[in-house]
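For the sequence shown, my numbering assigns the number 10 to the initial residue and increments by one for each residue that follows. Glycine included, C-beta positions come from ideal geometry on N, C-alpha and C. Shown next, in structure tokens, is the structure this report addresses.
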Amino acid sequence: MGLDIVLRNWRRTALVAALCVLAAIVYLATATYKYRAEMRVMQAPTQTTSSSQQMNALSGIAAIAGISMSGSETDLLPLYVEGLRSLAVARELARDPVLMRALFPGEWDSQAGRWREPPASLPSRLKSGLRSALGAPMAKWRPPGERELRDFLVKNIEVETSTKAPLTLVYFEHPDRKFALDFLTRLDRATDNLLRNRAELRASASIRYLSGELTRVELAEHRAALVANLAEQEQRRMLIRSPLPYAVEVFDPPSVSNATVTPQPPIVLLGAGILGILIGIGWSVVDVMRDRRGR
């Protein structure tokens, strides 16, 4: 029965499918094609800053003195992943006006040399009209800054964790092939430097505190714990300041695809054709059911 309905209305189904494919062709002709820049990173090797024998010998004394003797490093890979799309990293990148103009070209007036509000698109106008009708507050346009860049990072930086190896894939898509590669490289450096600088500030603060404690603590056991922890923090700060990557190591350096990855014309056309066929079949079934009810 269902096959009979399809066969009787094949012209309608074919027409709907053709219209959907035509719409897909128009979309592909006007779409923005993007290249993909990607890299694979892994957790940087943990640096042990004090021997286990020394830690075991002094841990009890340090606990009495209220001093932390833990020499283990935090797993920095999750922090790195979150940092890629953080406001702190966006704030650092937003200091480069050339980069901001490249990321938000639709809002930069090169002739006037200033930012301008872009013309609202139809979806934006519909959304604004709906919010206005509901009495919701309307956000005013402002020149792109660190918060707009953070929103851009959240929407455009993708992260995938491998289930086969301890690797994390980070990728970014952009119409400009060279810019995609350069931006991903800068994002990686900015995120790693953010974590490195925060770790160095913490280590330096610990060194200042421990040095101050040494001037007032007189008990020999407590002084031994302070000296050991101070040496540990100083060694940790030296490792943080090394030229090696701090949070993660790059397993596969940033690279960019030779061809565009989105949109993919074969998939778009095939999907449009299948969608058109399904709409045509559904339309035919609804007509048949309506005719039966009319009888």
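Asked: Taking the alpha-carbon positions, what's the N267 to T170 distance?; Found: 23 angstroms
Asked: Flag this pair as yes or no: are the beta carbons of F161 and L96 separated by less than 8 angstroms?; Found: no
Asked: Could you spell out the range, first to last residue, of the beta strand (DSSP E) harbouring Q52?; Found: 44–52
Asked: Let me confirm a value: M48 is counted as buried when at least 16 other C-beta atoms fall within 10 Å, else exposed. Which label applies?; Found: buried
Asked: Considering only the alpha carbon of each residue, which of V25, G285, A40, W19 lies closest to P272?; Found: A40
Asked: Report the option in A46, A26, A53, V35 whose CA atom is closest to the CA atom of Y255.; Found: A53
Asked: Looking at Y44 and A310, is the spacing between their C-beta atoms short of 8 angstroms?; Found: Past the boundaries of the shown model lies residue 310; the chain is included only from 10 to 304, so the question cannot be answered.
Asked: Should P262 be labelled buried (16 or more other beta-carbon atoms within 10 Å of its own) or exposed?; Found: exposed
Asked: Between A145, T224, L176, A99, which lies nearest to N165 when the distance is taken from Cα to Cα?; Found: A99
Asked: Taking a contact to mean a Cβ-Cβ separation below 8 angstroms, would you say L176 touches M51 in this structure?; Found: yes
Asked: Let me confirm a value: I290 is counted as buried when at least 16 other C-beta atoms fall within 10 Å, else exposed. Which label applies?; Found: buried
Asked: Whole angstroms is fine: what's the gap from R20's alpha carbon to V294's?; Found: 14 angstroms
Asked: With burial defined as no fewer than 16 other Cβ atoms inside 10 Å of the residue's Cβ, what is the status of M109: buried or exposed?; Found: buried
Asked: Rounded to whole angstroms, what's the CA-CA distance from A148 to S137? Just pull it up for me.; Found: 9 angstroms
Asked: Would you decide whether D84 is buried or exposed? Buried here means 16 or more other CB atoms lie within 10 Å of its CB.; Found: exposed
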